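To keep things clear, I will list the structure first and then write my remarks on it.
There are 2 protein chains.
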Amino acid sequence: MNTTTISWKGYLIDLDGTLYHGSRMIPEADTLIRELEDSGVPYLFVTNNSSRTPGEVAANLNLMGIPAKEEQICTSAVAAAEYIAGQQPRSKVAPIGESGLLEALINAGLIIDEDSPDFVVQGIDRSFTYETLTKAARWILGGARYVLTNPDLLLPSQEGLMPGAGTISAAIRAATGIEPIVIGKPSDILMKHAIDRLGLRNEEVAVIGDNMLTDISAGINAGCGTILVLTGVTTEENLPSFVSSSGVNPDVICRNLAEVRKLVLQSSI
Amino acid sequence: MNTTTISWKGYLIDLDGTLYHGSRMIPEADTLIRELEDSGVPYLFVTNNSSRTPGEVAANLNLMGIPAKEEQICTSAVAAAEYIAGQQPRSKVAPIGESGLLEALINAGLIIDEDSPDFVVQGIDRSFTYETLTKAARWILGGARYVLTNPDLLLPSQEGLMPGAGTISAAIRAATGIEPIVIGKPSDILMKHAIDRLGLRNEEVAVIGDNMLTDISAGINAGCGTILVLTGVTTEENLPSFVSSSGVNPDVICRNLAEVRKLVLQSSI
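Chains as they are written, first to last, in the working numbering: chain A, 72 to 340; chain B, 72 to 340.
See below:
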């Protein structure tokens, strides 16, 4: 950990690879969150995952012993829905995704319409078919704007690697020649949505995450502070290659969540 | 038509856009093929389509009044199967495609194996799902070589545009980071397969087609002569832009199949 004197007023915390791996909590994740809660420091959980609803994400965290409330969860699906509603309230949207996306669109007051959508919004869709691909291509070539919840290509799962929303998007982009508006990390749109919900300015907020290409890049893109924790994708060994491929450097590097706790407590004193 | 004195001994003829549009024969396609047959000039039909068997393609041509035999049809599926058998006879292959691909693989003596394939071979697959995408990614990341029958992104159909094999491939490439071996036009692999079947040298053969980016590029890549016919994708108006985007020029440009007939008869005298 660098001995930085930077002080932040709020935190945006990544989930997978930062607080847990799969269904296993990373040591001290529960303590970190309890200490944040007890000290009254504002924080939110931020995830690129668009398949689960905020309620489901919070329930999963609580199951692992990490205290979380539904209203503390920012998903790329909710940010996508609010982005679309911000562009054009009560837009007609054709969703390609799962329950988390559908719920977010309805909660944002958007109209589900597969006949003549204004927007196609796509996340991970484990029931994706050739027919869905055909419909998506025709909607977008017909003029609908294309919003992608998150650009992740592959996700870990207990059965092995699974294609993410970005992989499905590659087919839609190839068919249409149209690049989507990307909401999730490393885009700053999800981050700005979360910063707004914290009610802080971007420079008052730090992003805590394990992934240089998503968490740290998104934090820097949004003008936030960045705390890299070596609990997941990034290790001391591969850090130089991630610095080189991402072109960014975190403000602080913590080897584990114990170091994050110290940093956060120090900042909140 | 240029007044060229080039003389070719055999022809490789494209189908959709050159001899027909959908289910409608292009004028003089039937006469052209009958004259080639009567004059004893060797020719084959060459198609990027991997979904139909050669028997089905021939039946479809005959239905439109264009005489064709099964053994005169070169599909990208048959060329892909023979390419794999040439690399490693009796390889284990996992197919992602339709009946034309499956028949071609079995006819080439390859073993269908979805457990530990040596090759993944992918064409258009109108029953493609997220599960297929997941399996393809795991096979290829597990070391299977990846063969793509053809790179077409969108195909016309009576119901509107349909995603082609190249669109499905974009998702598999995104998931794996692996580029496939491409068999169909503009690759020269399908063309060399067809030239071998004609029993001629590449410079003795001319490719006849309507598409600068596939037919004419493939002909040039394979060292053949090239005859562009303005019956399909390419028109007098858009030709300069296709010359610019493809970086190639055909040897001869014919406005219609009547001009192709004159050229071919002149060559065969």
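The beta carbon of each residue, even a glycine, is placed where N, CA and C say it ideally should be.
Note that the coordinates shown come from a computational prediction; the quantities given were computed from them, not determined experimentally.
Integer Cβ distance of residue i from residue j, believed to fall under 8 Å
i: Ile287(B); j: Val278(B); result: 7 Å
i: Ala139(B); j: Ala175(B); result: Between Ala175(B) and Ala139(B) the Cβ distance is about 18 Å, and since that is not below 8 Å, they are no contact.
i: Met192(B); j: Trp210(B); result: Reading the sequence as shown, one finds Val at residue 192(B) and not Met. Going by Cβ atoms, the distance from Val192(B) to Trp210(B) rounds to 11 Å, so no, they are not a contact pair.
i: Val319(B); j: Met283(B); result: 7 Å
i: Ala129(B); j: Ala241(A); result: About 35 Å separates the two Cβ atoms, so there is no contact after all.
i: Glu285(B); j: Pro257(B); result: Rather than Glu, the amino acid found at residue 285(B) in this sequence is Thr. Rounded, the Cβ-Cβ distance is 5 Å, consistent with contact.
i: Leu269(B); j: Leu132(B); result: No, Leu269(B) and Leu132(B) are not in contact; Cβ-Cβ is about 18 Å, not under 8 Å.
i: Thr302(B); j: Phe313(B); result: Thr302(B) to Phe313(B), Cβ: 14 Å. No contact.
Same chain, Cβ closer than 6 Å to residue i, neighbours up to 5 away in sequence not counted
i: Val253(A); result: Leu219, Pro222
i: Pro321(A); result: Ile287, Thr297, Leu299
i: Lys80(B); result: Leu271, Glu275
i: Ile266(B); result: Asn273, Val276
i: Ile183(A); result: none
i: Tyr82(A); result: Tyr114, Ala277, Ile279
i: Ile144(A); result: Phe116, Pro125, Val128, Ala129
i: Ser317(B); result: Met283, Leu284, Ser288
i: Met135(A); result: Tyr91, Met96
i: Glu185(A); result: Ala165
i: Arg244(B); result: none
CB contact flag (residue i, residue j, <8 Å)
i: Pro234(B); j: Thr205(A); result: yes
i: Ala208(B); j: Leu232(A); result: yes
i: Thr203(B); j: Leu224(B); result: no
i: Tyr201(A); j: Asp196(B); result: yes
i: Ser94(A); j: Ser338(A); result: no
i: Gly171(A); j: Ser122(A); result: yes
i: Gly194(B); j: Glu230(B); result: no
i: Ser110(B); j: Gly255(B); result: no
i: Ala215(B); j: Asp189(B); result: yes
Spatial neighbours of residue i in its chain, beta-carbon cut-off 8 Å, leaving aside the 5 residues before and after
i: Glu142(A); result: Pro125
i: Ala156(B); result: Ser162, Ala179, Gly180, Leu181
i: Glu106(A); result: Arg332, Val335, Leu336
i: Leu173(A); result: Pro166, Ile183
i: Ile177(B); result: Ile183
i: Cys325(A); result: Met72, Ile298, Leu299, Val300, Leu301, Val331, Leu334
i: Asp281(B); result: Asp85, Gly88, Thr89, Leu299, Val300, Leu301, Thr302, Gly303, Val304, Thr305
i: Tyr154(A); result: Val218, Ile252, Ile254, Ile260, His264
Cutoff 7 Å; reference residue i; Cβ partners in own chain excluding five residues on either side
i: Ile137(A); result: Leu90, Met96, Ala100, Asp101, Ile104
i: Asp259(A); result: Ala289, Asn292, Ala293
i: Asn187(A); result: For the record, residue 187(A) in the displayed sequence is Ser; it is not Asn. Here the set comprises Lys163.
i: Leu328(B); result: Ile97, Pro98, Glu99, Ala100, Leu103, Val300, Thr302
i: Asn119(B); result: Ser147, Asn221, Asp223, Gly255, Lys256, Thr285
i: Thr247(A); result: Ala208, Ile211, Leu212
i: Glu307(B); result: Leu301
i: Ser198(B); result: none
i: Pro311(A); result: none
i: Ile249(A); result: Ile211, Tyr217
Opposing strand residues paired with residue i [DSSP bridges]
i: Arg95(A); result: His92(A)
i: Gln193(A); result: Ile167(A), Leu219(A)
i: Tyr82(A); result: Tyr114(A), Ala277(A)
i: Asp87(B); result: Tyr91(B)
i: Leu226(B); result: Met233(B)
i: Thr238(A); result: Note: Thr238(A) sits in no beta bridge, so no partner.
i: Thr324(A); result: Residue identity check: residue 324(A) is Ile in the sequence provided, not Thr. Leu299(A), per the DSSP bridge assignment.
i: Thr205(B); result: In the DSSP output, where bridge partners are listed per residue, Thr205(B) has none listed.
i: Thr200(B); result: Thr200(A)
i: Ile33(A); result: Summary: the structure shown does not reach residue 33(A), with chain A confined to residues 72 through 340, and so no result is reported for it.
i: Ile183(A); result: Val164(A)
In chain order, which continuous runs of the beta strand (DSSP E) of length 3 or greater are located wholly inside the region 118 to 169 of chain B?
-> With a minimum length of 3 residues, the continuous beta strand (DSSP E) runs that stay inside the region 118 to 169 of chain B are 144 to 146, 163 to 167.
Completely contained alpha helix (DSSP H) runs for the region 245 to 313 of chain A, where each covers 4 or more residues = Segments of the alpha helix (DSSP H) lying fully in the region 245 to 313 of chain A: 259 to 269, 288 to 292.
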